[in-house]
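Asks: As you go down the protein sequences, you meet chains Y and C in turn.
Per the numbering used here, the very first residue in the first sequence carries number 465; after that it's consecutive.
Per the numbering used here, the very first residue in the second sequence carries number 6; after that it's consecutive.
All residues carry an ideal CB built from backbone N, CA and C; glycine is no exception.
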Amino acid sequence: MSYNNELYQQVILDHNRKPRNFHAIENASHSCHGINPLCGDDITVYLNVDEEAGKIDEVSFQGSGCAISKASTSMMTTFLKGKSVDEARQIKDEFHKMILGEMDPEKEEHHLGKLTLFMGIREFPSRTKCASLAWHTLVGALDKKFDGVSTE
Amino acid sequence: MSDTGVAGNVLDVEKIRKDFPILSQSVRGKPLIYLDNAATTHKPISVIERVRNFDAEKYGTVRRGTYKLSEHATQLYEEVRQKVADFMGAEKKGEIVFTSGTTQAINLVAHSFGKRFVNEGDEIVISNIEHHANIVPWQVLCEERGAKLKVIPVDDDGELVMEEYEKLLSPKTRMVAVNHVSNALGTINPIKEITQKAHAVGARVLIDGAQSTPHIKLDVRDIDCDFYTFSGHKMYGPSGIGGVYGKMELWEEMPPYVTGGDMIMQVTLEKTTYAKPPARFEAGTPPITQVMGLGAAIDYLNEIGMDKIADYENSLLEYGTRLFKEIEGVRIIGNARRKASIISFFSDSAHPHDMVHFLDQDGIACRGGHHCAQPTMIRYGVPATTRASMAFYNKPEELDALAESVQKCIRIFS
Numbered sequence: 465m466s467y468n469n470e471l472y473q474q475v476i477l478d479h480n481r482k483p484r485n486f487h488a489i490e491n492a493s494h495s496c497h498g499i500n501p502l503c504g505d506d507i508t509v510y511l512n513v514d515e516e517a518g519k520i521d522e523v524s525f526q527g528s529g530c531a532i533s534k535a536s537t538s539m540m541t542t543f544l545k546g547k548s549v550d551e552a553r554q555i556k557d558e559f560h561k562m563i564l565g566e567m568d569p570e571k572e573e574h575h576l577g578k579l580t581l582f583m584g585i586r587e588f589p590s591r592t593k594c595a596s597l598a599w600h601t602l603v604g605a606l607d608k609k610f611d612g613v614s615t616e
Numbered sequence: 006m007s008d009t010g011v012a013g014n015v016l017d018v019e020k021i022r023k024d025f026p027i028l029s030q031s032v033r034g035k036p037l038i039y040l041d042n043a044a045t046t047h048k049p050i051s052v053i054e055r056v057r058n059f060d061a062e063k064y065g066t067v068r069r070g071t072y073k074l075s076e077h078a079t080q081l082y083e084e085v086r087q088k089v090a091d092f093m094g095a096e097k098k099g100e101i102v103f104t105s106g107t108t109q110a111i112n113l114v115a116h117s118f119g120k121r122f123v124n125e126g127d128e129i130v131i132s133n134i135e136h137h138a139n140i141v142p143w144q145v146l147c148e149e150r151g152a153k154l155k156v157i158p159v160d161d162d163g164e165l166v167m168e169e170y171e172k173l174l175s176p177k178t179r180m181v182a183v184n185h186v187s188n189a190l191g192t193i194n195p196i197k198e199i200t201q202k203a204h205a206v207g208a209r210v211l212i213d214g215a216q217s218t219p220h221i222k223l224d225v226r227d228i229d230c231d232f233y234t235f236s237g238h239k240m241y242g243p244s245g246i247g248g249v250y251g252k253m254e255l256w257e258e259m260p261p262y263v264t265g266g267d268m269i270m271q272v273t274l275e276k277t278t279y280a281k282p283p284a285r286f287e288a289g290t291p292p293i294t295q296v297m298g299l300g301a302a303i304d305y306l307n308e309i310g311m312d313k314i315a316d317y318e319n320s321l322l323e324y325g326t327r328l329f330k331e332i333e334g335v336r337i338i339g340n341a342r343r344k345a346s347i348i349s350f351f352s353d354s355a356h357p358h359d360m361v362h363f364l365d366q367d368g369i370a371c372r373g374g375h376h377c378a379q380p381t382m383i384r385y386g387v388p389a390t391t392r393a394s395m396a397f398y399n400k401p402e403e404l405d406a407l408a409e410s411v412q413k414c415i416r417i418f419s
């Protein structure tokens with residue numbers, strides 16, 4: 465299955481099987497429901513933000529979707545814990561550019577760390593929304609979009 | 006019969022495949038296995054050539070020019086209307102209205118029939134296993150007219166619960182709109198019985214035939230439905246063309262949906278009188294070239310024979326169903342007693358979107374998603390399914406490859 469290595473790496477498969485931070489946060493300071501209408505991926509992201517410090521103390525999610533959307537959300541939660549809100553927004557922008565093929569993490573400076581695992585998505589335009597749903601929903605939560613967000 | 010049980014004696018599938026140029030290509034280094042025929046079908050060379058020849062030599066506007074090129078194009082255009090009428094078993098060719106496809110056909114009927122016949126307090130009946138194209142236009146109509154939408158439930162196997170259907174019918178029912186074949190499950194619905202029961206309370210019946218037209222020999226007069234819709238691109242013809250059969254007595258009573266040129270009798274700045282059906286419902290220049298392609302597709306289907314196509318596809322369905330029942334961790338969604346050649350399935354370990362991604366790596370084109378039938382997915386408690394939909398150009402070996410690829414995918418995700 466070498467041709468799939470680029471997208472479905474073991475780490476992604478592992479996060480799909482055992483998603484991290486896969487629970488709701490009671491009384492979360494921020495939360496948002498995100499859907500991908502084309503595929504039916506459906507997640508809710510919960511955050512506890514320390515407003516004064518502008519820092520994400522806690523982040524979790526619940527929902528259903530394909531391996532890419534689940535792993536992307538799971539990895540996002542592990543990556544963002546302890547980061548500042550500004551950093552989170554910047555990472556979201558970089559992630560988005562990477563999966564659209566507008567930024568090459570092997571050549572350009574970035575703050576994506578392990579998230580570059582999702583670089584292979586750029587070869588599969590029909591799957592970019594699976595990977596970006598988590599991040600759209602995150603920004604929806606930070607922006608207090610109470611009606612939820614959609615990738616369409 | 007070959008040892009797969011697929012009726013190779015009914016059709017020479019290798020010979021048929023040579024008629025479809027697109028099928029001989031490779032995808033990602035593997036021979037293309039095309040199993041998304043419920044979404045759209047491919048075109049035989051005769052369709053491609055008819056379209057090309059028409060555009061190269063015979064193209065002209067229809068129903069308005071008074072010169073040779075236009076008169077001839079008009080004649081060819083109307084010949085296709087007759088061909089469609091014969092293919093569907095309609096009595097008169099004027100009962101066929103061309104549209105861009107089934108979606109527009111249902112919208113046309115919902116708007117026009119609704120405007121004329123549906124009032125506050127009336128009821129429209131649909132089923133739980135409709136395509137969104139046969140749900141949303143009726144929801145919108147009900148909202149606009151103050152009517153009520155009722156839904157025929159479906160059992161665990163994917164069959165409509167006919168006792169419940171009967172209970173939904175009343176003198177308030179104006180329209181029953183159901184599909185002939187469910188695009189998400191493959192169920193063949195008992196449309197003749199549905200029609201009889203609707204007529205018994207004075208309701209009219211629209212059959213969404215998008216999925217059935219390419220698979221089942223039709224006789225709209227025997228079914229006795231009031232409307233029957235179809236899409237050209239699901240029956241080996243071009244996209245952008247389809248239509249709807251309607252009983253002439255109803256068409257005559259119905260107001261236009263889209264207005265403009267070509268659908269009028271006379272226009273003054275004060276008042277317009279409308280043309281007779283079918284012209285009343287075909288405003289503007291129609292997709293002339295696509296109509297020619299549709300005609301060629303019908304010729305092709307007639308040449309093979311719809312009975313043979315149904316026999317062959319049924320044996321493919323049986324073979325594929327046997328294969329899938331043996332795959333551990335997979336369940337088939339939709340096990341109706343009467344089905345068209347669609348196998349929709351779900352695995353708890355691999356989500357349909359991951360599944361179709363892996364199938365694509367093996368050159369297999371399958372659909373993963375809700376198939377524009379979200380209420381059907383909700384009914385069966387799945388977010389989406391993977392759907393293999395077969396045509397008469399598919400081979401049993403392709404289903405073997407599909408089953409193998411599915412198993413491989415499940416192993417990776419388990």
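Name the two residues that bound the continuous beta strand (DSSP E) containing Y:D521.
Replies: Residues 519-528.
Asks: Applying the criterion that 16 or more other CB atoms from any shown protein chain within 10 Å of the CB defines a buried residue, is Y:R610 buried or exposed?
Replies: A small correction: the amino acid at residue 610 of chain Y is Phe; Arg does not occupy that position in the sequence shown. Label assigned to Y:F610: exposed.
Asks: Which partner residues of C:E128 appear in the DSSP bridge assignment?
Replies: Paired residues: C:K153, C:T178.
Asks: Confirm, please, whether the CB-CB distance from C:G191 to C:D344 is below 8 Å.
Replies: Correcting the residue type first, residue 344 of chain C is Lys in the shown sequence and not Asp. Contact: yes.
Asks: Taking only runs that begin and end inside the stretch 207-254 of chain C, name each unbroken alpha helix (DSSP H) of 4 or more residues, in chain order.
Replies: Runs found: 225-228.
Asks: Using a Cβ-Cβ cutoff of 9 Å, what residues of the stretch 472-493 of chain Y are near chain C? List them in chain order.
Replies: Here the close residues are Y472, L477, N480, R481.
Asks: Give the residues of chain Y in contact with C:H358, contact being defined as C-beta atoms less than 7 Å apart.
Replies: Simply C503, C530, C594.
Asks: By alpha-carbon positions, which one of C:K413, C:W256, C:T178, C:T66 ends up nearest to C:E333?
Replies: Ranking C:K413, C:W256, C:T178, C:T66 by Cα distance to C:E333 puts C:K413 first.
Asks: Using 8 Å as the limit for Cβ to Cβ distance, is C:A378 near chain Y?
Replies: C:A378 does not count as touching chain Y.
Asks: Could you list the residues in the stretch 89-111 of chain C with a C-beta less than 8 Å from some C-beta on chain Y, going in chain order?
Replies: Result list empty, no residue passes.
Asks: Counting along the chain, where does the alpha helix (DSSP H) carrying C:N307 start and finish?
Replies: Run containing C:N307: 293-309, per the alpha helix (DSSP H) assignment.
Asks: Step through the CB atoms of chain C and report whether any lies within less than 8 Å of the CB of Y:R591.
Replies: Judged by the 8 Å Cβ criterion, Y:R591 is in contact with chain C.
Asks: For the alpha helix (DSSP H) containing C:Y170, list its first residue and its last residue.
Replies: Unbroken alpha helix (DSSP H) run through C:Y170: 167-173.
Asks: Looking at the C-beta of Y:L597, does it have a partner C-beta in chain C at a distance below 8 Å?
Replies: No, because no Cβ of chain C sits closer than 8 Å to the Cβ of Y:L597.
Asks: Tell me which same chain residues have a C-beta within less than 6 Å of the C-beta of C:E402, skipping the five on either side of it?
Replies: Cβ neighbours of C:E402 beyond the five flanking positions: none.
Asks: Reducing DSSP to helix, strand and coil, say where C:M6 ends up.
Replies: Legend: pLDDT at C:M6 = 43, less than 50; position of this residue unreliable, no value from coordinates given.
Asks: Would the beta-carbon of C:M93 fall within 8 Å of that of C:V225?
Replies: Result yes, Cβ atoms of C:M93 and C:V225 sit closer than 8 Å.
Asks: Give the DSSP-derived three-state secondary structure of C:T71 in the structure shown.
Replies: In this structure, C:T71 counts as coil in the three-state DSSP scheme.
Asks: So which of C:E323, C:M360, C:R372, C:K400 has the shortest CA-CA distance to C:I415?
Replies: The shortest C-alpha separation from C:I415 is found at C:M360.
Asks: Name the DSSP bridge partner or partners of Y:Y510?
Replies: Note: Y:Y510 sits in a beta bridge opposite Y:S495, Y:S524.
Asks: Taking C:A389 as the query, report the chain Y residues whose CB atoms sit under 8 Å from its CB, ordered along the chain.
Replies: Correct list: C503, G504.
Asks: Where do the N-terminal and C-terminal ends of the alpha helix (DSSP H) with C:A110 fall, by residue?
Replies: Looking at the DSSP string, the run of the alpha helix (DSSP H) that includes C:A110 is 107-122.
Asks: Should C:V186 be labelled buried (16 or more other beta-carbon atoms within 10 Å of its own) or exposed?
Replies: Classification for C:V186: buried.
Asks: Is the distance from the Cβ of Y:A605 to the Cβ of Y:S495 below 8 Å?
Replies: Closer than 8 Å, so yes.
Asks: So which residues on chain Y does C:F350 lean against when the C-beta distance must stay under 8 Å?
Replies: Residues of chain Y passing the Cβ test: none, with the nearest at roughly 16 Å.
Asks: With 8 Å as the threshold, decide whether the Cβ of C:G368 is near any Cβ in chain Y.
Replies: Cβ-Cβ to chain Y under 8 Å: no for C:G368.
Asks: For C:T326, write down the residues that DSSP places opposite it in a beta bridge.
Replies: Its beta-bridge partners do not exist; DSSP assigns none.
Asks: So, are the CB atoms of C:A189 and C:I134 less than 8 Å apart?
Replies: Result yes, Cβ atoms of C:A189 and C:I134 sit closer than 8 Å.
Asks: Can you name, in chain order, every residue of its own chain whose Cβ lies under 7 Å from the Cβ of C:H375, other than the five neighbours on each side?
Replies: Contacts found: M382, A389.
Asks: Where Y:G556 and C:R121 are concerned, what is the direct C-alpha to C-alpha distance, given to the nearest angstrom?
Replies: Checking the sequence, you will find Lys at residue 556 of chain Y rather than Gly. Each residue's alpha carbon lies about 53 Å from the other.
Asks: What span of residues does the alpha helix (DSSP H) with Y:L604 cover, start to end?
Replies: Reading the sequence as shown, one finds Gly at residue 604 of chain Y and not Leu. It spans 592-606 - the alpha helix (DSSP H) in which Y:G604 sits, taken as one unbroken run.
Asks: Below 9 Å on C-beta distance, what does C:G339 contact in chain Y?
Replies: Those within 9 Å of C:G339 in chain Y number zero; the least Cβ separation is about 18 Å.
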